[in-house]
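Start counting the sequence shown at 222; every next residue gets the next number (this note's numbering). Data first, discussion second: the structure below is written as C-alpha cells.
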Amino acid sequence: MALNLEAMGKPIGPVSKDYTWKDVVLYALGVGSGSSELEYCYEKQLKVLPSFSIAAIFDFLAHIGVTSNVNLAGILHGEQRLIFHHPIPTEGTLTTQGKITHYYDKGAEKGALVVAESNTYHSNGQKLFTSIMTIFSRLDGGFGGDNAPKEAVVFPDRAPDFMVDAHPSENQPLIYRLSGDIFDLHVNPDFAKMAGFEKPIMHGLCTHGYACRALIQSLVPGASEKVRRMDCRFTKTLYPGVPIQTLIWKTGEGKAVWRTLNARTGAVVMDNGVFEYGDVPEESIRFDDRVAVITGAGAGLGRVYALELARRGAKVVVNDLGSARDGSGQGSSAPADQVVREIQALGGEAVANYDNVATPEGGRAIIQSALDAFGTVDILINNAGILRDKSILKMEPENWQAVMDVHLNGAYHVSRPAFEVMKEKGYGRILMTTSAAGLYGNFGQTNYAAAKMGLVGLMNTLKLEGEKYNIKVNTIAPLAASRLTEDVTPPELFQKMKPEFVAPLALYLCSEQCSVSGSIYNAGMGFFNRAAVVTGPGLTLGNAKTFPTLEDIVANIEAISTLEGGKEYRQLNDQVGDACSALLTPQKAIAPKSAQKEVVGEFETASAVFEAMPTAFKPDAASGVNVVFQYIISGANGGDWSCAIRNQSCAVASGRHDKPTCTLKIADGDFLDMMNGKLNPMQAYTSGKLKIEGDIMKSQLIEKLFEMKK
Ligand code: NAD
Numbered sequence: 222m223a224l225n226l227e228a229m230g231k232p233i234g235p236v237s238k239d240y241t242w243k244d245v246v247l248y249a250l251g252v253g254s255g256s257s258e259l260e261y262c263y264e265k266q267l268k269v270l271p272s273f274s275i276a277a278i279f280d281f282l283a284h285i286g287v288t289s290n291v292n293l294a295g296i297l298h299g300e301q302r303l304i305f306h307h308p309i310p311t312e313g314t315l316t317t318q319g320k321i322t323h324y325y326d327k328g329a330e331k332g333a334l335v336v337a338e339s340n341t342y343h344s345n346g347q348k349l350f351t352s353i354m355t356i357f358s359r360l361d362g363g364f365g366g367d368n369a370p371k372e373a374v375v376f377p378d379r380a381p382d383f384m385v386d387a388h389p390s391e392n393q394p395l396i397y398r399l400s401g402d403i404f405d406l407h408v409n410p411d412f413a414k415m416a417g418f419e420k421p422i423m424h425g426l427c428t429h430g431y432a433c434r435a436l437i438q439s440l441v442p443g444a445s446e447k448v449r450r451m452d453c454r455f456t457k458t459l460y461p462g463v464p465i466q467t468l469i470w471k472t473g474e475g476k477a478v479w480r481t482l483n484a485r486t487g488a489v490v491m492d493n494g495v496f497e498y499g500d501v502p503e504e505s506i507r508f509d510d511r512v513a514v515i516t517g518a519g520a521g522l523g524r525v526y527a528l529e530l531a532r533r534g535a536k537v538v539v540n541d542l543g544s545a546r547d548g549s550g551q552g553s554s555a556p557a558d559q560v561v562r563e564i565q566a567l568g569g570e571a572v573a574n575y576d577n578v579a580t581p582e583g584g585r586a587i588i589q590s591a592l593d594a595f596g597t598v599d600i601l602i603n604n605a606g607i608l609r610d611k612s613i614l615k616m617e618p619e620n621w622q623a624v625m626d627v628h629l630n631g632a633y634h635v636s637r638p639a640f641e642v643m644k645e646k647g648y649g650r651i652l653m654t655t656s657a658a659g660l661y662g663n664f665g666q667t668n669y670a671a672a673k674m675g676l677v678g679l680m681n682t683l684k685l686e687g688e689k690y691n692i693k694v695n696t697i698a699p700l701a702a703s704r705l706t707e708d709v710t711p712p713e714l715f716q717k718m719k720p721e722f723v724a725p726l727a728l729y730l731c732s733e734q735c736s737v738s739g740s741i742y743n744a745g746m747g748f749f750n751r752a753a754v755v756t757g758p759g760l761t762l763g764n765a766k767t768f769p770t771l772e773d774i775v776a777n778i779e780a781i782s783t784l785e786g787g788k789e790y791r792q793l794n795d796q797v798g799d800a801c802s803a804l805l806t807p808q809k810a811i812a813p814k815s816a817q818k819e820v821v822g823e824f825e826t827a828s829a830v831f832e833a834m835p836t837a838f839k840p841d842a843a844s845g846v847n848v849v850f851q852y853i854i855s856g857a858n859g860g861d862w863s864c865a866i867r868n869q870s871c872a873v874a875s876g877r878h879d880k881p882t883c884t885l886k887i888a889d890g891d892f893l894d895m896m897n898g899k900l901n902p903m904q905a906y907t908s909g910k911l912k913i914e915g916d917i918m919k920s921q922l923i924e925k926l927f928e929m930k931k
C-alpha cells in the first residue's frame, strides 16, 4: 500500500456532525474538567472548551486517514494547529470541509507526514475554526517527496510564567473515547500490547484538552471565548494516571508558548506549543467566499494584500514568478509557497502559482489556477513589478520592453481572462498598481513611468467596459518598503513605509463596499489622497468656420491653461460634448493685440441690456427660429423681461410672457457679469447661478441671435 499522492488538493467533505450540550459536557469531563469549572460542565451556564473543536470533527479526521491511504498500523497524530474565528456555540451542527495540502517524505526508515487543512462552520453560518493537522505515518516514508520545512518555536531562556499541574485518572481514556475516538489502543490491553505498549495509552488529544484548560486558566481565566490559536506537536505517549505539568511563557501581547511534560519523568509529551488570545477582531468588511488573485504576491505589497484578504476570509491565489528585482533569473517557487504557508498558518485558504504575467499564456494560467482551486475569480490585483531604471539615452530597447511586459502588458494578460469570468458572473474588482513616478514623473524611470501611466489608461477604459457587469476597476499608487525601494530610500523613512499602511485602501477598492470605479489613489505611511486628471474650463477661439490663429492662442494662453473651475471627465464623450457646447456658447476670448478694437462700455442695469437687445439682434441668424425667452432677474437691479423671436424679428417686453419657450432665472449681478463678458454662460449654468426651465437647448440660441455690446 502506498500513499495516495493523487488526493492532494482534492476537496474532502463536507462532513457534518450534530451535537448537543451533552456532547460538550462529556468532552469537558473527558479532559479533566469538573466541579471547579462548572462553566464547561453545567448546561445552565455552559461554555465550550475550544479544544472540543478537534474532538468534534473526529469523523473528518478519519476521512483524511482513509483518503491519504496511510498505513493505519503506523500512524500518530503529529502536529495540530487550531485557529479560532468565533466561539463554539453549545449545540448545533458542525460542517467541515478541507483537503490534503502536503505530503512530506522523511525517508524510508523515518516515515512520512500528511498535512491536511480544514474549515469548520456552524449551522448558524459562522466559520468557527480552522484545523491544520499533521499525521505522522511511520510506515509510509521513502516515496521520493521533499522533507518538511523546519519551523522551530523559540522558548524564552527563563523560568516559565505559569506551571499548571494536573493528574489525569487511570480511567481518563474511557471517558474521553466517548467523544468519538474509540480506537482500541486507548482501551484494549491486548491491542495495546500488540502495538508495543505495556497497557492502553492516553489519547494525545485528551492531553491536549488538559493543556487547553491550563492555558485558559493561566492566560484568559473564565474567558475561553478569547482563545484565538492553539498549536502543538505531539512528542511522546503517556499512560493514564501519570501526572502532567504544562509550562507556559508569555511572549507578547496576546501570545504565549507552551509545552506539557510527563511530571514523573520530565519527558516532554507535547512541544512547540503556541497559544494566542484576545477579542475576536471586529471586522465588518469581509471577503468570505470571494476568490482573489494577486500577482507578485510573494513579497512586498502583494504579500501583505494576500495576507490581509485571507485574514478577512478570501481564498487567495498567490502568484509570483520569484525572479530577481530586475526580472532576470530562472524564477523560484519559494516566495509564493512561503506566503501560502503564512496564510494557512492564519487559518486562511490559498494556493501558489508561479506563472509569468508577462506572457498571454502566463496570464491565462494564473486565472486558471483560481478556477481549478476555487472555481471562480472575484478580485484581481495587478501588482507584479520589476525595475530597470536608466535615463533615456542609456535605456536600451530590452530594458524598455521588459518593464512594459511585466507592468503594462502583464496587467492586460491577467485582466483579460479574469474579466471574462467576472463578466459572466456579474461581479468583479480589478486593481491596477500605478506609481507616483508615472503620475508625476521621476528622473531615470522613463520605462517604468510610461508603463505605470499606461495602466491608468487601461483602467479608464476597463471601468466603462465593466460598468454594466458590476466590475469596478481602480488604481493604487503605493509607497512602501520593499526590495524595489530599499536602495533609494533613507533607512529611517524605509522603516516607516510598511506595506501594511497601504493595504487597507487596496482592500477597500477590492471590496463589495467599494463605491468608486476609475479612481486613482496614492497610499503610503498612512497618508491617502486621490489623484485625477482634471480639465480646465478653457474657451473656444475662432468659430466653426474661422480657424483660430497662433496669435489667438498666445493672447488667450492664460484662459486656456487655467484649471480654476476645472472638472474630471468620466469618459471621452464628455470632453467632446463640452467642446461642442462651447461652440454654441462661445466664451469671451481676448482678441490678439493686433486685432484689438476700442474698449466697449459695460451694462450697469438689466433694463439697459433689454433696451439694447433689439439693436443687438441678428435677423440673419434667426431664419426659421420661433422662440420666446423669458428672463426673471432677481435683485434691486432686476425685473422680468421677455424677448420673442419670430419671422426674423425680435420683440422685447417687460413682464412675463404667458408661453415662454424657456425661462432663465438669475440674480441681477450675475446677469450683468454675464452680459459684460465676465461670467461664462456655461459656467453660470453649471455653477447653478443661472437656472433654465423649459427647452434648455433653445436657450443656447441666445448667443447666436444677439451680439450684445453697449
Ligand atoms: P516587490 O519586488 O517586493 O514585489 C513585486 C513582486 O512581483 C516580486 O515578488 C516579484 O517576484 C514579482 N514579479 C516580478 N515579475 C513578475 C512576473 N513577471 N510575474 C509574476 N510575478 C512577478 O515590490 P513591491 O514594492 O511590493 O511592488 C509591488 C507593486 O507596487 C509593483 O507593481 C510596483 O511597481 C508598485 N509600486 C511600488 C512602490 C513602492 O513604494 N514599493 C511604489 C509605486 C509602485
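Think of the CB as a built atom: it goes at the ideal place given N, C-alpha and C, for glycine as much as any other residue. Predicted, not measured: the structure shown is a model, and the values here were computed from it.
If you run the structure through DSSP and keep just helix, strand and coil, what is residue 423? Counting from one through the sequence shown, the residue named residue 423 turns up at place 202. Residue state, collapsed to three classes: coil.
Just to check, is the beta-carbon of residue 897 closer than 7 angstroms to a non-hydrogen atom of ligand 1? For this step, residue 897 is matched to residue 676 along the sequence shown. No, ligand 1 has no heavy atom inside 7 angstroms of this Cβ.
Just grab the DSSP bridge partners of residue 296 for me. Your numbering for residue 296 matches position 75 in the sequence shown. Beta-bridge pairing links residue 296 to 358.
Distance between residue 437 and residue 468 (C-alpha atoms, nearest Å): Counting from 1 along the sequence shown, the entry for residue 468 is found at position 247. Counting from 1 along the sequence shown, the entry for residue 437 is found at position 216. Looking at the two C-alpha atoms, the distance is approximately 13 angstroms.
State yes or no: is the C-beta of residue 516 nearer than 7 angstroms to some heavy atom of ligand 1? Here residue 516 refers to the residue found at position 295 when the sequence shown is read from its first residue. Within the cutoff, so yes.
Is there contact between the stretch 519-528 and the stretch 612-623, where contact requires at least three CB pairs shorter than 8 angstroms? no
Any idea what DSSP makes of residue 640, helix, strand or coil? Working through the sequence shown from its first residue, we reach residue 640 at position 419. Of the three classes helix, strand and coil, the one that applies to residue 640 here is helix, per DSSP.
Can you list the beta strand (DSSP E) stretches of 3 or more residues lying completely in the stretch 643-670, in chain order? List check, beta strand (DSSP E) in window: 649-654.
Where residue 804 falls: helix, strand or coil (DSSP): Here residue 804 is taken as the residue at index 583 of the sequence shown, counted from 1. Residue 804 falls in the helix class under three-state DSSP.
How far does the beta strand (DSSP E) with residue 238 in it extend, from its first residue to its last? Residue 238 sits at position 17 when you count from the first residue of the sequence shown. Element bounds for residue 238: 232-240.
Could you tell me the distance, in whole angstroms, from the CA atom of residue 818 to the CA atom of residue 770? Residue mapping note: residue 818 aligns to position 597 of the sequence shown, counting from 1. Residue mapping note: residue 770 aligns to position 549 of the sequence shown, counting from 1. Any reading at residue 818 must be qualified, since the residue scores a pLDDT of 46, below 50, and its modelled position is unreliable; the value itself is stated next. Each residue's Cα considered, the two are about 17 angstroms apart.
Going by the C-beta, is residue 699 closer than 7 angstroms to any heavy atom of ligand 1? As a first step, residue 699 must be located in the sequence shown, where it is residue number 478. Under cutoff, so the answer is yes.
Let me confirm a value: residue 693 is counted as buried when at least 16 other C-beta atoms fall within 10 Å, else exposed. Which label applies? Counting from one through the sequence shown, the residue named residue 693 turns up at place 472. So residue 693 ends up on the buried side.
Confirm, please, whether the CB-CB distance from residue 326 to residue 367 is below 8 angstroms. Translated into the one-based positions of the sequence shown, residue 367 becomes position 146. Translated into the one-based positions of the sequence shown, residue 326 becomes position 105. With a cutoff of 8 angstroms on beta-carbon distance, residue 367 and residue 326 are scored as near each other.
Just to confirm before moving on: does the CB-CB distance between residue 512 and residue 576 stay below 8 angstroms? Against the sequence shown, residue 512 aligns to sequence position 291. Against the sequence shown, residue 576 aligns to sequence position 355. Cβ atoms of residue 512 and residue 576: not closer than 8 angstroms.
Would you call residue 308 buried or exposed, if buried means 16 or more other Cβ atoms sit within 10 Å of its Cβ? As a first step, residue 308 must be located in the sequence shown, where it is residue number 87. By the 10 Å Cβ count, residue 308 comes out buried.
Cβ of residue 768 within 8 angstroms of Cβ of residue 747? Translated into the one-based positions of the sequence shown, residue 768 becomes position 547. Translated into the one-based positions of the sequence shown, residue 747 becomes position 526. Taking 8 angstroms as the Cβ cut-off, residue 768 and residue 747 do not qualify as a contacting pair.
N- and C-terminal bounds of the beta strand (DSSP E) containing residue 332: Looking up residue 332 in the sequence shown gives position 111. Residue 332 -> beta strand (DSSP E) spans 332-343.
Can residue 547 be considered in contact with ligand 1, in the sense that its beta carbon sits closer than 7 angstroms to one or more heavy atoms? Position 326 of the sequence shown, counting from 1, holds the residue named residue 547. For ligand 1, not one heavy atom lies less than 7 angstroms from the Cβ of residue 547.
Within a Cβ cutoff of 7 angstroms, which residues of the same chain sit near residue 727, ignoring the five residues on either side of it in sequence? Here residue 727 refers to the residue found at position 506 of the sequence shown. Correct list, in chain order: 526, 602, 652 and 697.
Proximity winner among 733, 606 and 859, relative to residue 647 (alpha-carbon distances): As a working mapping, residue 647 is identified with position 426 in the sequence shown. The option with the nearest alpha carbon to residue 647 is 733.
DSSP state of residue 301, grouped into three classes? Position 80 of the sequence shown, counting from 1, holds the residue named residue 301. Note: residue 301 maps to strand in three-state DSSP.
Helix or strand or just coil, what does DSSP make of residue 820? Position 599 of the sequence shown holds residue 820. Low confidence applies to residue 820: its pLDDT is 44, below 50, so where it sits in the model is not reliable, and the reading given next is rough at best. Here residue 820 sits in coil by DSSP.
Thinking residue 267 and residue 248 are a contact (beta carbons under 8 angstroms), I'd like their distance in whole angstroms, please. Against the sequence shown, residue 267 aligns to sequence position 46. Against the sequence shown, residue 248 aligns to sequence position 27. Actually they do not touch by this definition, with Cβ atoms about 11 angstroms apart.
Taking the beta strand (DSSP E) that residue 314 falls in, what are its first and last residues? On the sequence shown, residue 314 is found 93 positions in, with the first residue counted as 1. Run containing residue 314: 313-328, per the beta strand (DSSP E) assignment.
So residue 228 and residue 274 are in contact, right, with Cβ under 8 angstroms, and what is the actual spacing, rounded? As a position in the sequence shown, residue 228 is number 7, starting the count at 1. As a position in the sequence shown, residue 274 is number 53, starting the count at 1. Contact flag wrong, Cβ pair sits at about 23 angstroms.
Residue from 607, 914, 352 and 318 with nearest C-alpha to residue 306: Here residue 306 refers to the residue found at position 85 when the sequence shown is read from its first residue. Cα-wise, what sits closest to residue 306 is 352.
In chain order, what residues of the same chain lie with their CB nearer than 7 angstroms to the CB of residue 498, ignoring the 5 residues before and after it? Stepping through the sequence shown from its first residue, residue 498 is reached at position 277. These residues qualify, in order along the chain: 440, 441, 447, 448, 449 and 475.
To which residues of the same chain is residue 906 closer than 7 angstroms at the C-beta, ignoring the five residues directly before and after it? In the sequence shown, counting from the first residue as 1, residue 906 sits at position 685. Cβ within range, chain order: 913.
Using DSSP with H/G/I as helix, E/B as strand and the rest coil, what is residue 885? As a first step, residue 885 must be located in the sequence shown, where it is residue number 664. DSSP places residue 885 within a strand segment (E or B) once states are collapsed to three.
With a threshold of 7 angstroms, establish whether the CB of residue 741 neighbours any heavy atom of ligand 1. By one-based count along the sequence shown, residue 741 stands at place 520. Not so, every heavy atom of ligand 1 lies at least 7 angstroms from the Cβ.
What does DSSP give as the partner residue(s) for residue 914 in the beta ladder? On the sequence shown, residue 914 is found 693 positions in, with the first residue counted as 1. DSSP lists 884 as the beta-bridge partner residues of residue 914.
Mind listing, in chain order, the continuous beta strand (DSSP E) runs of no fewer than 3 residues lying wholly within the stretch 258-290? none
The alpha helix (DSSP H) that contains residue 588, what's its start and end? Stepping through the sequence shown from its first residue, residue 588 is reached at position 367. Counting along the chain, the alpha helix (DSSP H) containing residue 588 begins and ends at 581-595.
Three Cβ pairs or more, each shorter than 8 angstroms: is that satisfied between the stretch 374-389 and the stretch 232-251? no
Do you know whose CA, among 845, 595, 897 and 759, lies nearest residue 782's CA? Reading the sequence shown from its first residue, position 561 is the one you call residue 782. Looking from the CA of residue 782, the closest CA among 845, 595, 897 and 759 belongs to 759.
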